[in-house]
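These protein sequence lines map, in sequence, to chains A and B.
First residue of the first sequence? That's 2 in my numbering, and the numbers climb one at a time after it.
First residue of the second sequence? That's 9 in my numbering, and the numbers climb one at a time after it.
The beta carbon of each residue, even a glycine, is placed where N, CA and C say it ideally should be.
These figures come from a predicted structure and were not determined experimentally.
Accompanying notes for the structure given below.
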Amino acid sequence: MHRAPRLNVSGVLINAAALVLVLSYALPYIYLLMTSIKPAADVQQIPPSFFPAVVSFENFREVLRSSTLPRAFVNSLIVAVLTTALSLSVAVPAAYVATQYRRRITTIFLLFALVTRMVPSVALGVPLFQLLKSLGLLDTIPGLVLAHTSAAVPLALLLMSAFFEGVPKELEEAARMDGCTRFQAFRKIILPVMTGGIAVTALFTFITSWNEFLYALLLTSEATKTAPIVIAEYNSVYGLAWGAMTAAAVLYSLPVIIVTLALQKQIVGGLTFGAVKG
Amino acid sequence: MSDEDRFVLCMLAPAVAILGVLVAYPVGLLIFDSFFKVDTITPHIREWVGLQNYFDALTSKRVVESALRTVQYTVFALFFEFTFGFCAALLFSALAGQSRWHRTIFALPLMVPPIVAGLLWRFLLVGNIGILNYGLVRLGLISDPEAIAWLSSEDIVIYSVSFADIWLTTSFVALVSYAGLTNIPKDLLEAARIDGANALKRFWHVTLPLMRPVIAVVVIVRGVDAAKTFDLIWIQTQGGPRHASEVFSMNIYQRMVRFGDLGEASASGTLFLIVMMGLAAVAYWKIWRPVHA
Numbered sequence: 002m003h004r005a006p007r008l009n010v011s012g013v014l015i016n017a018a019a020l021v022l023v024l025s026y027a028l029p030y031i032y033l034l035m036t037s038i039k040p041a042a043d044v045q046q047i048p049p050s051f052f053p054a055v056v057s058f059e060n061f062r063e064v065l066r067s068s069t070l071p072r073a074f075v076n077s078l079i080v081a082v083l084t085t086a087l088s089l090s091v092a093v094p095a096a097y098v099a100t101q102y103r104r105r106i107t108t109i110f111l112l113f114a115l116v117t118r119m120v121p122s123v124a125l126g127v128p129l130f131q132l133l134k135s136l137g138l139l140d141t142i143p144g145l146v147l148a149h150t151s152a153a154v155p156l157a158l159l160l161m162s163a164f165f166e167g168v169p170k171e172l173e174e175a176a177r178m179d180g181c182t183r184f185q186a187f188r189k190i191i192l193p194v195m196t197g198g199i200a201v202t203a204l205f206t207f208i209t210s211w212n213e214f215l216y217a218l219l220l221t222s223e224a225t226k227t228a229p230i231v232i233a234e235y236n237s238v239y240g241l242a243w244g245a246m247t248a249a250a251v252l253y254s255l256p257v258i259i260v261t262l263a264l265q266k267q268i269v270g271g272l273t274f275g276a277v278k279g
Numbered sequence: 009m010s011d012e013d014r015f016v017l018c019m020l021a022p023a024v025a026i027l028g029v030l031v032a033y034p035v036g037l038l039i040f041d042s043f044f045k046v047d048t049i050t051p052h053i054r055e056w057v058g059l060q061n062y063f064d065a066l067t068s069k070r071v072v073e074s075a076l077r078t079v080q081y082t083v084f085a086l087f088f089e090f091t092f093g094f095c096a097a098l099l100f101s102a103l104a105g106q107s108r109w110h111r112t113i114f115a116l117p118l119m120v121p122p123i124v125a126g127l128l129w130r131f132l133l134v135g136n137i138g139i140l141n142y143g144l145v146r147l148g149l150i151s152d153p154e155a156i157a158w159l160s161s162e163d164i165v166i167y168s169v170s171f172a173d174i175w176l177t178t179s180f181v182a183l184v185s186y187a188g189l190t191n192i193p194k195d196l197l198e199a200a201r202i203d204g205a206n207a208l209k210r211f212w213h214v215t216l217p218l219m220r221p222v223i224a225v226v227v228i229v230r231g232v233d234a235a236k237t238f239d240l241i242w243i244q245t246q247g248g249p250r251h252a253s254e255v256f257s258m259n260i261y262q263r264m265v266r267f268g269d270l271g272e273a274s275a276s277g278t279l280f281l282i283v284m285m286g287l288a289a290v291a292y293w294k295i296w297r298p299v300h301a
């Protein structure tokens with residue numbers, strides 16, 4: 002397809018089109034970065050300018066010194082780490098038997114997990130609120146972790162199943178020949194081979210919890226507000242504090258973006274194989 | 009029970025327990041609550057009302073309007089995500105090996121938290137300081153930066169709030185479609201070319217039919233996600249102005265939190281669930297089954 006010389010013109014056109022497309026998708030986020038390093042007063046100037054006239058870290062200082070945001074980051078981090086640990090510890094063994102020991106019950110189970118992904122969070126959030134309230138877990142870290150786990154387990158199950166499908170059954174059989182029990186084979190032979198897949202799944206569940214908004218809005222009030230809730234409040238509680246908001250949004254999103262760009266290849270694989278096998 | 013069965017059950021049990029307590033039981037509770045009149049302050053005092061909550065929900069103008077708006081939002085967002093995403097995938101596959109950097113940068117919005125995407129787009133569209141309108145003036149498309157009130161005009165707000173969704177998820181469509189395009193056997197396209205089919209014909213008769221399953225997955229996965237949207241719109245408008253951007257999930261949230269009407273919120277939630285399950289069933293029978301069977 003790429004060898005005829007007359008294709009050069011269209012080759013240039015395709016390159017140009019791709020460049021325009023990619024740039025127009027990157028621009029909004031670059032504008033967010035640019036705005037966050039403007040002095041607070043310049044953020045709301047009319048007309049707005051794309052690039053900062055002066056570089057200032059005033060907005061970042063403000064949000065880091067505030068009483069709410071640093072604490073919200075800590076809350077988000079704790080919730081995301083605990084959600085990831087809990088979800089993986091139940092999903093990894095289940096995904097293993099669901100793919101390596103296929104039978105009716107495991108098929109039904111995987112199907113249930115798949116269907117769960119379709120449940121609107123608001124439909125689950127209403128009864129979860131009641132449930133956590135009756136357990137005295139409203140506005141607590143464990144309560145929010147449980148809510149996030151309800152969304153993270155199905156995701157982890159589907160991702161891990163896809164990873165386990167690549168593991169030959171012979172691996173376990175060989176370990177059992179050598180005298181391992183099924184549990185030992187899983188723990189000592191299978192798990193070490195799967196570290197890559199487990200890491201990608203962990204990252205996905207972590208991001209799911211880190212980004213989650215609706216449950217946090219519904220189930221937390223003061224003590225356990227997470228970062229997205231506090232960032233959203235920059236827009237209402239404090240009027241339109243765009244400068245602080247952009248700085249908080251950068252602090253909140255940039256670490257995830259950097260980590261995922263670093264692991265781009267694995268991530269894109271993880272995202273797409275749910276839909277396209279391979 | 010054989011040793012093997014016991015092993016399977018032991019490994020499965022914790023996940024079953026978690027999903028049972030955190031998904032199946034709440035869903036049961038949701039359906040149960042939908043038949044009662046319950047006050048959220050005193051949830052133990054409840055009155056059986058049968059299907060009254062469903063009747064109230066389906067005859068409420070605000071509920072029905074929010075449901076229709078959800079369809080509007082979903083169709084609009086999906087159409088543009090799909091068009092842009094599929095075109096991007098075609099461009100990337102035309103560039104083949106040279107498209108690595110393009111794809112990396114294009115994937116960037118995928119990692120942006122929805123709440124940040126929502127705030128960012130609100131900032132781009134908001135009156136007075138929204139830079140998008142100044143850009144449109146510069147391009148000569150509109151005459152003055154106040155010409156389009158993206159987020160405060162009741163007529164267009166439901167479309168304006170979907171820009172953030174489109175920006176955020178076009179890359180998902182593009183990456184999935186790209187993966188699908190690279191799986192199309194090259195010799196098929198080559199054979200069509202030798203038979204004298206031009207690029208357009210090759211696309212229409214070879215590429216598109218082979219991409220059908222991928223397209224179906226993308227449409228269903230993204231369609232369900234768009235229909236569930238809450239945070240992206242909430243952060244931009246909180247459903248305003250005058251409910252003009254209130255989608256179904258937001259309507260349920262409002263009735264639960266602001267009006268404390270657990271019964272009616274549960275009835276709407278159940279209806280929402282049934283529609284989504286219907287879509288999930290279609291997705292399963294049409295798409296996942298042949299892959300996972």
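| If you draw a straight line from the C-alpha of A:Gln101 to the C-alpha of B:Ser10, how long is it? | 16 angstroms
| said: Measuring straight from C-alpha to C-alpha, what distance separates B:Val46 and A:Glu223? | reply: Approximately 26 angstroms between the Cα atoms of the pair.
| task | Have a look at A:Phe61, A:Val123, A:Leu145 and A:Thr107 and flag the residue whose alpha-carbon is nearest the alpha-carbon of A:Ile79. | result | A:Leu145
| query | Going by alpha carbons, who is nearest to A:Val231 out of A:Phe74, A:Leu111, A:Thr141 and A:Gly198? | reply | Of A:Phe74, A:Leu111, A:Thr141 and A:Gly198, the residue nearest in Cα terms is A:Phe74.
| Distance, Cα to Cα, A:Thr261 vs A:Ala96? | 24 angstroms
| query | Tell me which same chain residues have a C-beta within less than 6 angstroms of the C-beta of B:Trp158, skipping the five on either side of it? | reply | Once the five neighbours on either side are set aside, the close Cβ partners of B:Trp158 are Leu133 and Ser168.
| query | Looking at chain B, which residues of the region 136-159 of chain A have a Cβ within less than 8 angstroms of any of its Cβ atoms? | reply | Leu147, Ala148, Thr150, Ser151, Val154, Pro155 and Leu158
| Rounded straight-line distance, which links the Cα of B:Leu27 to that of B:Ser21 | The sequence as given places Ala at residue 21 of chain B; Ser does not occur at that position. The straight-line gap from Cα to Cα measures roughly 10 angstroms.
| message | Tell me which residues share the same chain as A:Ala5 and place their Cβ nearer than 8 angstroms to its Cβ, disregarding the 5 neighbours each side in the sequence. | response | Low confidence applies here, because A:Ala5 scores a pLDDT of 48, under 50, leaving its location unreliable; read the following figure in that light. There are no such residues.
| said: Helix, strand or coil for B:Arg54? Go by DSSP, reduced to three states. | reply: In the structure shown, B:Arg54 falls within a strand segment according to DSSP collapsed to helix, strand and coil.
| request: Would you tell me roughly how many angstroms separate the C-alpha atoms of A:Val318 and B:Leu208, rounded to the nearest one? | output: Given that chain A is displayed from residue 2 to residue 279, the structure contains no residue 318 of chain A and the question cannot be resolved.
| query | Which stretch, first to last residue, makes up the alpha helix (DSSP H) that contains B:Val165? | reply | Val165 to Ser168
| message | Between A:Met119 and chain E, is any beta-carbon pair separated by less than 8 angstroms? | response | The structure shown has no chain E; the protein chains it does contain are A and B.
| said: Rounded to whole angstroms, what is the Cα-Cα separation between A:Phe113 and A:Thr84? | reply: 20 angstroms
| query | How about the region 100-120 of chain B and the region 142-150 of chain B: do they share at least three Cβ pairs that are nearer than 8 angstroms? | reply | no
| task | Starting from A:Ser67, find everything on chain B with Cβ-Cβ shorter than 9 angstroms and list it in chain order. | result | Around A:Ser67, no beta-carbon contact reaches into chain B at under 9 angstroms, the shortest distance being about 17 angstroms.
| message | Let's test the definition: count the other Cβ atoms within 10 Å of the Cβ of B:Val181 and tell me whether it reaches 16, buried, or not, exposed. | response | buried
| Taking Cβ positions only, does B:Tyr142 come closer than 8 angstroms to chain A? | yes
| query | In three-state DSSP terms, what is B:Asp269? | reply | strand
| Three-state secondary structure assigned by DSSP to B:Phe44 | strand
| query | Comparing the C-beta of A:Asn16 with each C-beta of chain B, is any distance below 8 angstroms? | reply | yes
| field | Cutoff 8 angstroms; reference A:Leu220; Cβ partners in own chain excluding five residues on either side | value | Gly126, Leu129, Phe130, Leu133, Leu139, Asp140, Gly144, Leu145 and Ala148
| task | Look up B:Met284 in the DSSP assignment and say whether it is helix, strand or coil. | result | helix
| query | Is the region 62-80 of chain B touching the region 173-190 of chain A, taking contact as three or more C-beta pairs under 8 angstroms? | reply | no
| message | For A:Ser67 and B:Arg250, I'd like the C-alpha separation in whole angstroms. | response | Here the C-alpha atom of A:Ser67 lies approximately 33 angstroms from the C-alpha atom of B:Arg250.
| field | CB contact flag (A:Gln265, B:Ala115, <8 angstroms) | value | Result yes, Cβ atoms of A:Gln265 and B:Ala115 sit closer than 8 angstroms.
| query | Who are the Cβ neighbours of B:Leu38 in its own chain at under 8 angstroms, not counting the five residues just before and after it? | reply | Ser274, Gly277, Thr278 and Leu281
| message | Let me see if you follow: with CB-CB separation under 8 angstroms, is A:Ala5 close to chain B or not? | response | Since pLDDT at A:Ala5 reaches only 48, below the 50 mark, its modelled position is unreliable, and no value is offered.
| query | How many angstroms separate the CA atom of B:Lys194 from the CA atom of B:Ile202? | reply | 12 angstroms
| Residue ranges of each alpha helix (DSSP H) run of no fewer than 4 residues wholly in the region 122-172 of chain A, ordered along the chain? | 122-135 and 142-165
| Cβ-based contacts, 9 angstroms cut-off: residues of the region 152-164 of chain B near chain A | Pro153
| request: Give, in chain order, every residue of the region 42-68 of chain A whose Cβ lies closer than 9 angstroms to some Cβ of chain B. | output: Val44, Gln45, Gln46, Ile47, Pro48, Pro49, Ser50 and Phe51
| task | Could you have a look at A:Cys181 and say whether DSSP puts it in helix, strand or coil? | result | coil
| field | Cα-Cα separation, A:Gly180 to A:Glu173 | value | When rounded, the distance between both Cα atoms is 11 angstroms.
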